[in-house]
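So the protein sequences, as listed, match chains A and B. With positions in the first sequence counted from 1, the corresponding number in this note's numbering is that position plus 2. With positions in the second sequence counted from 1, the corresponding number in this note's numbering is that position plus 44. For each residue, glycine too, the CB sits at the ideal point set by N, CA and C. These numbers come from a predicted model, not from an experiment. Accompanying notes for the structure given below.
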Amino acid sequence: MTDAWQPPGGDQASLRAFLHGLPGVDEVGARGRAAALATRSIKTESKRWAIDMAIAMVDLTTLEGMDTPGKVRALCAKALRPDPSDPTTPSVAAVCVYPDLVGIARASVGQDLHVAAVATAFPSGRSSLDIKLQDTADAVAAGADEIDMVIDRGAFLAGDYATVYEEITAVKSACGDAHLKVILETGELHTLDNVRRASWLAMLAGADFIKTSTGKVTPAATPPVTLVMLEAVRDFERATERRIGVKAAGGIRTSKEAIAYLVLVSETVGDAWLTPDLFRFGASSLLNDLLLQRQRMITGHYSGPDYVTID
Amino acid sequence: MSERLTVRKTHKLFIGGAFPRSESGRTYEVHDATGSFLANMSQASRKDARNAVLAARKAVDGWSAATAYNRGQVLYRIAEIMDGRRDQFATEVAAAEGCSDAEANRQVDLAIDRWVWYAGWADKIAQVLGSANPVAGPFFDFSVPEPTGVVAAVAPQESSLLGLVSVVAPIIVSGNAVLVVPSHDRPIPAISLAEVLATSDVPDGVVNILTGDATEMMPWLAAHADVNALDLTGMEPGEGATTTEREAAGTIKRVMRPAPDIDWSADPGIARIRFFVETKTVWHPMGT
Chain A
3 MTDAWQPPGG
13 DQASLRAFLH
23 GLPGVDEVGA
33 RGRAAALATR
43 SIKTESKRWA
53 IDMAIAMVDL
63 TTLEGMDTPG
73 KVRALCAKAL
83 RPDPSDPTTP
93 SVAAVCVYPD
103 LVGIARASVG
113 QDLHVAAVAT
123 AFPSGRSSLD
133 IKLQDTADAV
143 AAGADEIDMV
153 IDRGAFLAGD
163 YATVYEEITA
173 VKSACGDAHL
183 KVILETGELH
193 TLDNVRRASW
203 LAMLAGADFI
213 KTSTGKVTPA
223 ATPPVTLVML
233 EAVRDFERAT
243 ERRIGVKAAG
253 GIRTSKEAIA
263 YLVLVSETVG
273 DAWLTPDLFR
283 FGASSLLNDL
293 LLQRQRMITG
303 HYSGPDYVTI
313 D
Chain B
45 MSERLTVRKT
55 HKLFIGGAFP
65 RSESGRTYEV
75 HDATGSFLAN
85 MSQASRKDAR
95 NAVLAARKAV
105 DGWSAATAYN
115 RGQVLYRIAE
125 IMDGRRDQFA
135 TEVAAAEGCS
145 DAEANRQVDL
155 AIDRWVWYAG
165 WADKIAQVLG
175 SANPVAGPFF
185 DFSVPEPTGV
195 VAAVAPQESS
205 LLGLVSVVAP
215 IIVSGNAVLV
225 VPSHDRPIPA
235 ISLAEVLATS
245 DVPDGVVNIL
255 TGDATEMMPW
265 LAAHADVNAL
275 DLTGMEPGEG
285 ATTTEREAAG
295 TIKRVMRPAP
305 DIDWSADPGI
315 ARIRFFVETK
325 TVWHPMGT
């Protein structure tokens with residue numbers, strides 16, 4: 003559909019016609035495929051590569067009401083050098099914090115890492131557009147070069163696609179040069195059809211990344227949901243030749259799960275996406291498990307939680 | 045009427061309160077003292093052992109934080125439930141060890157009594173092993189025993205039930221979690237004990253039972269950085285045992301390697317409890 007494909011207009015009627023014209027998702031098939039790919043065995047050299055790649059893809063995240071400047075600095079130190087006992091360990095991709103802590107994070111990591119901020123009244127997104135734009139502008143001014151915004155799920159579920167579209171385009175322009183990740187909060191979208199529609203809507207509106215979840219809602223990232231989003235990204239690239247990234251956030255805690263996601267990426271959109279520029283993990287405890295597995299691969303014996311930092 | 049077919053069991057492992065098969069899918073046959081088939085056992089692999097360490101680590105915080113009184117009650121409850129299954133244990137011990145019914149009954153009684161004996165120790169360890177220390181300074185100085193953490197143990201090869209209980213009970217009474225490899229050739233009483241533990245009040249993961257070959261698993265557990273101590277009571281001398289002790293040195297674990305031929309029916313004393321605790325000494329400033 004490359005030549006003939008024209009994106010829909012940004013008005014409600016065109017968006018609705020386009021999004022509801024997307025083929026439905028075979029939910030059983032998606033679950034089956036995600037489960038089948040998760041059983042693939044990744045060992046030795048491939049596992050080492052996958053673990054290092056997964057570490058480099060982590061957006062090390064702290065999004066708690068109790069975050070302190072000290073905690074953010076500690077997080078940044080860990081992001082730069084996840085395993086101080088082994089300098090060959092790669093840095094993570096970014097640190098992800100609330101907007102008011104962006105300045106501290108940026109001062110701690112310098113220009114060595116991306117700083118992502120969750121803006122637009124994260125995590126609920128329930129606030130006026132003006133406030134959301136101001137929130138975004140503040141974060142960018144403080145030094146964030148990636149903005150994680152949440153969509154208005156209420157508007158989306160009510161079928162008010164134009165509102166969601168306009169909000170994303172407005173936030174995108176408020177971002178300036180900063181990358182925009184659009185959080186779909188798939189746990190609140192209920193169906194995989196909705197996930198597919200929301201993915202397309204976000205990409206049409208100018209998202210650089212589409213992200214599964216805030217991490218505040220259960221279920222967060224799941225393999226079937228990520229599969230559907232990756233398929234949307236693949237189809238979008240075929241149509242527009244633009245590569246959109248995907249971020250799986252929340253609920254991924256073990257290296258095994260992370261590696262299963264990498265298999266999913268490779269099999270769905272191809273190895274071109276196996277880079278921190280196009281695939282990310284939003285996680286905090288995942289990093290420790292990746293480090294333990296990495297130590298296990300290198301030393302030949304099992305490591306333990308006493309040998310990584312407590313977050 | 046046709047003769048009833050006997051149910052031929054394939055026993056499973058006991059990890060984190062669940063009864064999984066070995067991740068490796070391996071089993072081995074167990075025979076009684078006369079050589080006739082008893083049952084198939086799961087043969088645990090190093091990955092099962094790793095999973096058991098995770099389960100034990102998860103359990104150890106809660107178990108060690110439980111009050112000593114509560115731990116004593118839980119151990120006593122094990123004795124109560126074992127007592128209700130006395131006949132099953134006696135039959136299994138007799139088959140495994142090839143002894144008379146009277147001797148098997150004696151072994152089971154001793155095993156049950158051993159739980160009760162160690163249950164009584166739960167809230168007395170701190171008094172016996174701890175102390176208030178006279179120091180030259182304005183400090184109230186005291187020492188308390190604290191559990192070591194996760195312990196990997198090899199139970200005796202000969203004494204299938206009493207030996208096993210005598211190894212496990214002193215480890216868990218102070219708040220440690222244990223993964224134990226029971227007797228390789230006589231593992232059935234151990235799996236019955238697992239069924240007892242699963243239905244008593246022992247939190248999941250405090251005791252994990254891995255049937256199989258200790259010489260295969262123990263070197264991995266000895267090198268495992270998240271295992272805090274080893275009890276090699278039932279480890280046969282040889283290369284496996286030597287490798288295990290050498291690997292344990294990498295993370296300076298406590299390793300118990302008692303002389304063989306222990307008389308399990310004798311009074312055990314508290315040496316085993318003492319071995320798996322660490323002493324914490326607190327210097328508390330004292331106003332005058």
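Checklist line | Cut-off 7 Å between Cβ atoms - residues of its own chain near MET85 of chain B, not counting five sequence neighbours on either side | finding: Sequence index remark: in the second sequence, residue 85 of chain B carries index 41 (1-based). Excluding residues within five positions, the ones whose Cβ falls inside 7 Å are HIS55, THR71, TYR72, VAL74, PRO231 and THR255.
Notebook entry, point to check: Going by alpha carbons, who is nearest to GLY161 of chain A out of A:VAL235, A:ALA119, A:ASN196 and A:LEU182?
Noted result: Within the first sequence, the letter at position 159 stands for residue 161 of chain A. Looking only at A:VAL235, A:ALA119, A:ASN196 and A:LEU182, the smallest Cα-Cα distance to GLY161 of chain A is reached by A:ASN196.
Checklist line | Close beta carbons around GLY60 of chain B, own chain, < 6 Å, minus the five adjacent residues each side | finding: Along the second sequence, read from residue 1 onward, the residue named residue 60 of chain B stands at position 16. Close CB contacts of GLY60 of chain B within its chain, under the 6 Å cut and outside five residues either way in sequence, are with ALA99, ASP248 and GLY249 (chain order).
Notebook entry, point to check: What are the boundary residues of the alpha helix (DSSP H) that includes TRP308 of chain B?
Noted result: For the purposes of this step, residue 308 of chain B is taken as residue 264 along the second sequence, with counting starting at 1. Element bounds for TRP308 of chain B: n/a, residue is neither H nor E.
Checklist line | Residue-level contact to chain B via CB, TYR163 of chain A, 8 Å cutoff | finding: Translated into the one-based positions of the first sequence, residue 163 of chain A becomes position 161. TYR163 of chain A does not count as touching chain B.
Notebook entry, point to check: Residues in its own chain within less than 6 Å of ALA144 of chain A by CB, not counting five upstream and five downstream?
Noted result: For the purposes of this step, residue 144 of chain A is taken as the residue at position 142 of the first sequence. Excluding residues within five positions, the ones whose Cβ falls inside 6 Å are VAL104 and GLY105.
Item checked: Contact the region 76-87 of chain A vs the region 106-118 of chain A: 3+ CB pairs below 8 Å -> These segments touch.
Next item on the list: Can you grab the Cα-Cα spacing for the pair ASP167 of chain B / SER309 of chain B, in whole Å?
Entry: Position 123 of the second sequence, counted from the start, is the residue given in the question as residue 167 of chain B. Position 265 of the second sequence, counted from the start, is the residue given in the question as residue 309 of chain B. Roughly 23 Å between the two C-alpha positions.
Notebook entry, point to check: Could you give the residue range of the alpha helix (DSSP H) that holds VAL250 of chain B?
Noted result: Within the second sequence, the letter at position 206 stands for residue 250 of chain B. Boundaries cannot be given for VAL250 of chain B, as no alpha helix (DSSP H) includes it and DSSP labels it neither H nor E.
Margin query: Taking contact to mean 3 or more Cβ pairs, one atom from each stretch, closer than 8 Å, check whether the region 207-220 of chain A and the region 173-187 of chain A are in contact.
Written below: The region 207-220 of chain A makes contact with the region 173-187 of chain A, as at least three CB pairs between them are under 8 Å.
Notebook entry, point to check: Thinking C-beta only, is PRO200 of chain B closer than 8 Å to SER227 of chain B?
Noted result: Position 183 of the second sequence, counted from the first residue, corresponds to residue 227 of chain B. Position 156 of the second sequence, counted from the first residue, corresponds to residue 200 of chain B. Result yes, Cβ atoms of SER227 of chain B and PRO200 of chain B sit closer than 8 Å.
Next item on the list: Identify the contact partners of ARG94 of chain B in chain A, using a Cβ-Cβ distance below 7 Å as the criterion.
Entry: Within the second sequence, the letter at position 50 stands for residue 94 of chain B. Result: TYR304.
Notebook entry, point to check: Name the chain A residues whose beta carbon is nearer than 8 Å to that of ALA267 of chain B?
Noted result: The residue you call residue 267 of chain B lines up with position 223 of the second sequence. What ALA267 of chain B touches in chain A: GLY302, HIS303 and TYR304.
Next item on the list: Starting from the Cα of GLU124 of chain B, find the closest Cα among B:THR323, B:VAL160 and B:TRP107 and give me that residue.
Entry: If you number the second sequence from 1, residue 124 of chain B lands on position 80. With distances taken between Cα atoms, GLU124 of chain B lies closest to B:VAL160.
Next item on the list: Note down, in chain order, each residue of its chain lying with its Cβ closer than 8 Å to the Cβ of VAL111 of chain A, except the 5 sequence neighbours on either side.
Entry: Mapped onto the first sequence, residue 111 of chain A falls at position 109. The beta carbon of VAL111 of chain A sits closer than 8 Å to the beta carbons of CYS78, ALA81, LEU82, VAL97 and VAL117 from its chain, once the five residues preceding and following it are set aside; these are given in chain order.
Next item on the list: Run the proximity test for TYR113 of chain B: is its beta-carbon closer than 7 Å to any non-hydrogen atom belonging to the ligand PLP?
Entry: The ligand PLP is not among the ligands present in this structure, which contains no ligands whatsoever.
Check: So, using beta-carbon positions, are GLU289 of chain B and VAL299 of chain B closer together than 8 Å?
Finding: Position 245 of the second sequence holds residue 289 of chain B. Position 255 of the second sequence holds residue 299 of chain B. Yes.
Checklist line | Cα-Cα separation between PRO25 of chain A and GLU169 of chain A, rounded to whole angstroms | finding: The residue given as residue 25 of chain A occupies position 23 in the first sequence. The residue given as residue 169 of chain A occupies position 167 in the first sequence. Looking at the backbone, the Cα of PRO25 of chain A and that of GLU169 of chain A are separated by about 25 Å.
Notebook entry, point to check: Is there at least one Cβ from chain B nearer than 8 Å to PRO307 of chain A's Cβ?
Noted result: Translated into the one-based positions of the first sequence, residue 307 of chain A becomes position 305. The beta-carbon of PRO307 of chain A is placed less than 8 Å from the nearest beta-carbon of chain B.
Next item on the list: Just the chain A side, please: which residues come within less than 8 Å of ASP270 of chain B by C-beta, in chain order?
Entry: Taking the first residue of the second sequence as 1, we reach residue 270 of chain B at position 226. Listed by position along chain A, the residues whose Cβ is nearer than 8 Å to that of ASP270 of chain B are TYR304, SER305, GLY306, PRO307 and ASP308.
Item checked: C-alpha gap between GLU334 of chain B and MET279 of chain B, whole angstroms -> This structure gives no information on residue 334 of chain B, because the portion of chain B shown stretches from 45 to 332.
Check: What is the DSSP secondary structure of ASP150 of chain A, reduced to helix, strand or coil?
Finding: Along the first sequence, one-based indexing puts residue 150 of chain A at 148. Reduced to three states, the DSSP call for ASP150 of chain A is strand.
Margin query: Less than 8 Å between the beta carbons of TRP275 of chain A and PHE281 of chain A, yes or no?
Written below: The residue labelled residue 275 of chain A in the question sits at position 273 within the first sequence. The residue labelled residue 281 of chain A in the question sits at position 279 within the first sequence. A contact, by the Cβ cut-off of 8 Å.
Margin query: Here's a check: name, in chain order, each residue in its chain whose Cβ is nearer than 7 Å to the Cβ of LEU173 of chain B, leaving out the five neighbours to either side.
Written below: Position 129 of the second sequence, counted from the start, is the residue given in the question as residue 173 of chain B. Answer for LEU173 of chain B: PRO189, ARG318 and VAL321, listed in chain order.
Check: Taking the Cβ atom as the reference point for each residue, do THR256 of chain A and SER215 of chain A lie within a distance shorter than 8 Å?
Finding: Translated into positions along the first sequence, residue 256 of chain A becomes position 254. Translated into positions along the first sequence, residue 215 of chain A becomes position 213. No, these two residues do not count as a Cβ contact at 8 Å.
Margin query: Checking the sheet assignment: what are the DSSP bridge partners for MET205 of chain A?
Written below: In the first sequence, counting from the first residue as 1, residue 205 of chain A sits at position 203. Note: MET205 of chain A is not bridge-paired with any residue in the DSSP secondary-structure output.
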